[in-house]
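Colleague:
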Amino acid sequence: MMTKAGSNWLQTWAMPPGRDAEAAKLTADFAAREQALKQRMTLPPQPVSALVFRHDGKAANLWTAESSQGEMLQQLGFTLAQPPSNVHGSTSQGVRKDIIQLSGENLAGSLNGQTLLLFANDDGDAERLMANTFLTHLPAVQNKRVYALGNDTFRLDYYSASNLLTRLEKLFIHSR
């Protein structure tokens, strides 16, 4: 699982005890794949709001630059949208730096990215978000720039991070 414990997230999940050489190769291969994707990808309109949209449509967790997801997106060239400075979000999960919990009147006003990237969500969730009457005025919704990145992207380990790269490749590399 990718965490922010004072070290590079890529090294955190790639370091099984006693297998340093294999972990180093795995880390290098993943970094090379990430760099190749960055070079080939045509990014959607920036900045992006990266979030987990709750299935009931009433709340979301917005990933920050301090989350593994936010860090990975930035490494790929994405720019994370910043919510308004007056939005602090809920602290029902404790004080966190990786997410901003959004609900009620803070939800729509804080999803201010030109593109919405939905983590831990599938295409049905993206459709529900676009049909949500409280969110239909958002530029990303009006321009159909809402992308589900897969149910396995809530916690990023090697496999889910690899799947995320595959999904981004399918979404943002266009044949010429």
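The opening residue of the sequence shown carries number 1 in full-length UniProt numbering; numbering runs sequentially from there.
We treat Cβ as the ideally placed atom computed from N, Cα and C, and that holds for glycine.
Report the partner residues of V146 according to the DSSP bridge assignment.
Modeller: DSSP output for V146 lists L116 as bridge partner(s).
Colleague: Measure the C-alpha to C-alpha separation of F172 and P83 and round it to an integer number of angstroms.
Modeller: Using only the alpha carbons, I get a separation of about 24 Å.
Colleague: Could you check which residue in R145, A120, L135, Y147 has the C-alpha nearest to that of L156?
Modeller: Checked all of R145, A120, L135, Y147; the closest Cα to L156 is A120.
Colleague: E105 CB to nearest chain B CB: under 8 Å?
Modeller: Given the protein chain composition of this structure (a single chain), no chain B is represented.
Colleague: If I measure Cβ to Cβ from N151 and keep anything under 8 Å in the same chain, skipping five residues before and after, which residues do I get?
Modeller: Answer for N151: A120, N121, D122, listed in chain order.
Colleague: To which residues of the same chain is N163 closer than 8 Å at the C-beta, ignoring the five residues directly before and after it?
Modeller: Taken in chain order, the residues that qualify are G150, D152, T153.
Colleague: From which residue to which residue does the alpha helix (DSSP H) around N163 run?
Modeller: Segment 158 to 172, the alpha helix (DSSP H) holding N163.
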